[in-house]
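Numbering (the working numbering), first residue to last: 4 to 400.
In this text, a Cβ means the ideal position worked out from N, Cα and C, and glycines have one as well.
For reference, the structure is listed below as C-alpha cells.
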Amino acid sequence: MDLTPRKDYFAEFDPSRVPSPCFVVDEQALRDNLAVLADVQQRSGAKVLSALKAFSMFSVGPIVAEYLSGACASGLHEAKLAYEEYGGRDLGREVHVFSAGYKEAELREILTFAHHVIFNSFSQWQRYKPLCLEAQRQRPQLRFGLRINPQHSEGHTALYDPCAPCSRLGIVRSLFDGEDLSGISGLHFHTLCEQDFEPLARTIAAVEEKFGHLLAQMEWVNFGGGHHITRRDYQVDRLVDAVRDFSARYKVQVYLEPGEAVALFAGILVSEVVDIAWNGQDQAILDASATCHMPDVLEMPYRPEITGAAPPGELPHGYRLGGQSCLAGDSIGEYSFPAPLKVGDRVVFEEMAYYTMVKTNTFNGIPLPAIALWNSATDALRIVREFGYEDFKNRLS
4 MDLTPRKDYF AEFDPSRVPS PCFVVDEQAL RDNLAVLADV QQRSGAKVLS
54 ALKAFSMFSV GPIVAEYLSG ACASGLHEAK LAYEEYGGRD LGREVHVFSA
104 GYKEAELREI LTFAHHVIFN SFSQWQRYKP LCLEAQRQRP QLRFGLRINP
154 QHSEGHTALY DPCAPCSRLG IVRSLFDGED LSGISGLHFH TLCEQDFEPL
204 ARTIAAVEEK FGHLLAQMEW VNFGGGHHIT RRDYQVDRLV DAVRDFSARY
254 KVQVYLEPGE AVALFAGILV SEVVDIAWNG QDQAILDASA TCHMPDVLEM
304 PYRPEITGAA PPGELPHGYR LGGQSCLAGD SIGEYSFPAP LKVGDRVVFE
354 EMAYYTMVKT NTFNGIPLPA IALWNSATDA LRIVREFGYE DFKNRLS
C-alpha cells in the first residue's frame, strides 16, 4: 500500500496560522482527488458518490458537486446534508441512503427528496413497501434497493468487516428464496476498507456466484465504498475495465461510494503541547485528544503519523503523547522528535480529514477542533468554524 501523496501538500503550511486544535483541509488536494474520481466516472460509466460517513465538511460540498454525481448517506441527517449542501436540491445531484434500520418518521422525510433508498432486510422493505411505492407514484425518479451480504470478507479489522459471521449488515443469499422483488430495482454490497482493486475483483466474483441470477433483473448495482482510488498505486485502469464489463454484461448502472478517497492526503490536525511531564518516560500532553478528536486511534487501533516525528528510538527525544481528558487510555502513541518538545510547540497529525471530523465528541467538555480551509496552490486560508462552550452545553440539555 503506497500512501505517499502525489505531492507534499502541507510542506509550506505554517501551523501557527490557525487556532489549536484545528482541522485544516487543503482545497487543492481535495480537487486533485476529485479529478481522479471524475476521470473514473467518465471513463467507466459509473456514477461516483461521496460517502458522507467518512468526510462531511459541507463547506466544500459545492466543490464535491462540481466533480461527482452526488452523495450517499447513512440516515436522515446525512441525507439532508447531502440534499442541502452537495447539490441535491439545486444541481440535481443524487442522494442515496442506506440504513441498518429506518424509523417510519425518518423514512417518510427521506422519501420526499432522496433518489435511492436501500433497505437492510426484507422485513423493513415489506413493512414500508406501501409507503415507498406511494412516494414513488408522487416522485417517479425514486428507486429502491436491497443491501446484499455476499458472505465474503476482505477487511483486515473485525470491527470494520460488514461480512463477518452473523453480521447485521446485508441480506444473505438463502433469505432471497421465495421473496417477491417487485419494486426493487437495485442491489448494494459493501466489503472493502482502505483497499485496492484486487479485493473488489474477488468481491464481484463472490456476488456473481451467489446473486448472479438476480443481476439481470436490476437497473443498478452499487459497489459500496472502501475503494482507495486516489492512492498512487491503485489500479485505476483495471477498475474502469471491470465496471464497464460488469455494466455491459448485466445492463446495469454501477455506483461507487468512496469516502476516504475523496479526502485522502487532504487534511491535517494541528495541535499544541500544553504540558511536559514524566512517569517512567517523558510525556507530552496536547490539546488534541485521541478519544475526543481521533477515536479511530483507539478503535482501529492505529498510530497516526506526525510531521517531522518518527517511531520511538529513531530520533533523540522520545515522548508518549496524550490528550487532556481523564480517560487513562487517551494515549495517541509513542514518538521521537529531533528536538525536545516544549509547551506551546505545534504538533501536526497527518491524514486527519476522513473519519476524524465526523467522529469528534466533547467528552470531559474538551473543545472541538476548529475547521479551516486552506489552498496549497494560492495560500488562501479561511477559518470556517470555531467551537466553544455553547457547542458543548447544547448537546447535553
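Where the beta strand (DSSP E) containing A17 begins and where it ends: One-based indexing of the sequence shown puts residue 17 at position 14. A quick correction: the sequence has Asp, not Ala, at residue 17. Element bounds for D17: n/a, residue is neither H nor E.
To the nearest angstrom, report how far apart F347 and P304 are at their CA atoms. Indexing the sequence shown from 1 puts residue 347 at position 344. Indexing the sequence shown from 1 puts residue 304 at position 301. The sequence as given places Gly at residue 347; Phe does not occur at that position. One C-alpha to the other measures close to 28 Å.
With distances taken from CA atoms, which of L136, P261, E212 is nearest H231? Residue 231 sits at position 228 when you count from the first residue of the sequence shown. Nearest of L136, P261, E212 to H231, Cα basis: P261.
Quick test of the definition: if touching needs 3 or more C-beta pairs under 8 Å, does the region 29-44 touch the region 268-281? yes
With burial defined as no fewer than 16 other Cβ atoms inside 10 Å of the residue's Cβ, what is the status of N282: buried or exposed? On the sequence shown, residue 282 is found 279 positions in, with the first residue counted as 1. N282 comes out exposed.
Around the C-beta of N397, are 16 or more other C-beta atoms found within 10 angstroms, so that it is buried, or is it exposed? On the sequence shown, position 394 is the one that residue 397 refers to. So N397 ends up on the exposed side.
Using a 10 Å radius around the Cβ and a threshold of 16 neighbouring Cβ atoms, would you call Y392 buried or exposed? The residue given as residue 392 occupies position 389 in the sequence shown. Y392 should be labelled exposed.
Among R140, P165, P143, R96, which one has its Cα closest to the Cα of A123? By one-based count along the sequence shown, residue 123 stands at place 120. With the sequence shown as reference, residue 123 is identified as Asn, and Ala is not the correct amino acid for it. Comparing Cα positions, the closest option is P165.
Please report the straight-line C-alpha distance between G78 and N364, rounded to a whole angstrom. Locating residue 78 in the sequence shown gives position 75, where the first residue counts as 1. Locating residue 364 in the sequence shown gives position 361, where the first residue counts as 1. One C-alpha to the other measures close to 19 Å.
How is D35 classed by DSSP in three states: helix, strand or coil? The residue given as residue 35 occupies position 32 in the sequence shown. Three-state DSSP puts D35 in a helix.
Excluding five sequence neighbours on each side, which residues of the same chain lie with their C-beta closer than 7 Å to the C-beta of C6? Within the sequence shown, residue 6 is the residue found at index 3, counting from 1. First, the amino acid is wrong: residue 6 is Leu here, not Cys. Counting only Cβ-Cβ distances below 7 Å, and skipping sequence neighbours, we find R234.
Reducing DSSP to helix, strand and coil, say where H230 ends up. Locating residue 230 in the sequence shown gives position 227, where the first residue counts as 1. If DSSP states are grouped into helix, strand and coil, H230 belongs with the strands.
Classify G148 as helix, strand or coil using the three-state DSSP reduction. The sequence position of residue 148 within the sequence shown is 145, counting from 1. Looking at G148 - three-state DSSP - the assignment turns out to be strand.
On a CA-only basis, which of K10, L37, S19, Y12 is nearest A264? Give me that one, please. Here residue 264 refers to the residue found at position 261 of the sequence shown. Nearest C-alpha to A264: L37.
Of the residues S292, V351, T310, Y258, the one placed nearest H99, counting alpha carbons only: Counting from one through the sequence shown, the residue named residue 99 turns up at place 96. The shortest C-alpha separation from H99 is found at Y258.
Which same chain residues end up closer than 7 Å to F366 when comparing Cβ atoms and leaving out the 5 residues on each side of it in sequence? The residue labelled residue 366 in the question sits at position 363 within the sequence shown. Result list for F366: T294, C295, S328, in chain order.
Cα separation between E157 and S170? Here residue 157 refers to the residue found at position 154 when the sequence shown is read from its first residue. Here residue 170 refers to the residue found at position 167 when the sequence shown is read from its first residue. Between E157 and S170, the C-alpha separation is close to 14 Å.
Identify whether E337 lies in helix, strand or coil by the three-state DSSP scheme. Locating residue 337 in the sequence shown gives position 334, where the first residue counts as 1. Three-state result, E337: strand.
Distance, Cα to Cα, P8 vs E308? In the sequence shown, counting from the first residue as 1, residue 8 sits at position 5. In the sequence shown, counting from the first residue as 1, residue 308 sits at position 305. Rounded to whole angstroms, P8 to E308 spans 13 Å at the Cα level.
Specify the secondary structure class of I113 as computed by DSSP and reduced to three states. Stepping through the sequence shown from its first residue, residue 113 is reached at position 110. Helix.
By DSSP, does F192 sit in helix, in strand, or in coil? Along the sequence shown, one-based indexing puts residue 192 at 189. Note: F192 maps to coil in three-state DSSP.
Check L52 in the structure and name its three-state DSSP category. As a first step, residue 52 is located in the sequence shown; it is residue number 49 there, counting from the start. L52: strand per DSSP, three-state reduction.
At which residue ranges does the region 66-111 contain complete alpha helix (DSSP H) runs of 4 or more residues, listed in the order of the chain? 79-88
Residues near V175 by beta carbon distance below 7 Å, same chain, minus five either side: Taking the first residue of the sequence shown as 1, we reach residue 175 at position 172. Answer for V175: N152, Q154, listed in chain order.
Measure the alpha-carbon distance for V351 versus F395 and round it to whole angstroms. Reading the sequence shown from its first residue, position 348 is the one you call residue 351. Reading the sequence shown from its first residue, position 392 is the one you call residue 395. The alpha-carbon atoms of V351 and F395 are separated by roughly 24 Å.
Apart from the five residues on each side of it in sequence, which residues of its chain come closer than 6 Å, Cβ to Cβ, to R306? One-based indexing of the sequence shown puts residue 306 at position 303. For R306, where only same-chain residues beyond five positions count, the Cβ hits under 6 Å are G336.
Okay, do the region 215-230 and the region 192-201 touch, 3+ Cβ pairs below 8 Å being the bar? yes
Take L184 as the anchor and find which of L136, R247, P168, A245 has the nearest alpha-carbon. Taking the sequence shown and counting its residues from 1, one reaches residue 184 at position 181. Among L136, R247, P168, A245, the Cα nearest to that of L184 is on L136.
Give a yes or no on whether the C-beta atoms belonging to N225 and G189 are separated by under 8 Å. As a working mapping, residue 225 is identified with position 222 in the sequence shown. As a working mapping, residue 189 is identified with position 186 in the sequence shown. Yes, they are a contact pair.
Looking only at C-alpha atoms, which of A49, L172, C75, Y70 sits nearest to H119? As a first step, residue 119 is located in the sequence shown; it is residue number 116 there, counting from the start. Considering only alpha carbons, the answer is C75.
Can you list, in chain order, the residues of its chain with a C-beta nearer than 6 Å to that of G321? Leave out the 5 residues immediately preceding and following it. Here residue 321 is taken as the residue at index 318 of the sequence shown, counted from 1. Result list for G321: P315, S339, in chain order.
Reduced DSSP category for G326 - H, G, I as helix; E, B as strand; rest coil: Working through the sequence shown from its first residue, we reach residue 326 at position 323. Coil at G326, not helix or strand.
Endpoints, beta strand (DSSP E) assigned at A280: Position 277 of the sequence shown, counted from the first residue, corresponds to residue 280. Residues 270-281.
DSSP beta-bridge partners for W377? For the purposes of this step, residue 377 is identified with residue 374 of the sequence shown, where counting begins at 1. In DSSP, W377 forms a bridge with D29, L384.
Rounded to whole angstroms, how far is the Cβ of L344 from the Cβ of I288, which I believe are closer than 8 Å? Taking the sequence shown and counting its residues from 1, the one referred to as residue 344 is at position 341. Taking the sequence shown and counting its residues from 1, the one referred to as residue 288 is at position 285. The Cβ separation is near 10 Å, so there is no contact.
Where do the ends of the beta strand (DSSP E) carrying L259 lie? Sequence index remark: in the sequence shown, residue 259 carries index 256 (1-based). Start and end: 256-259.
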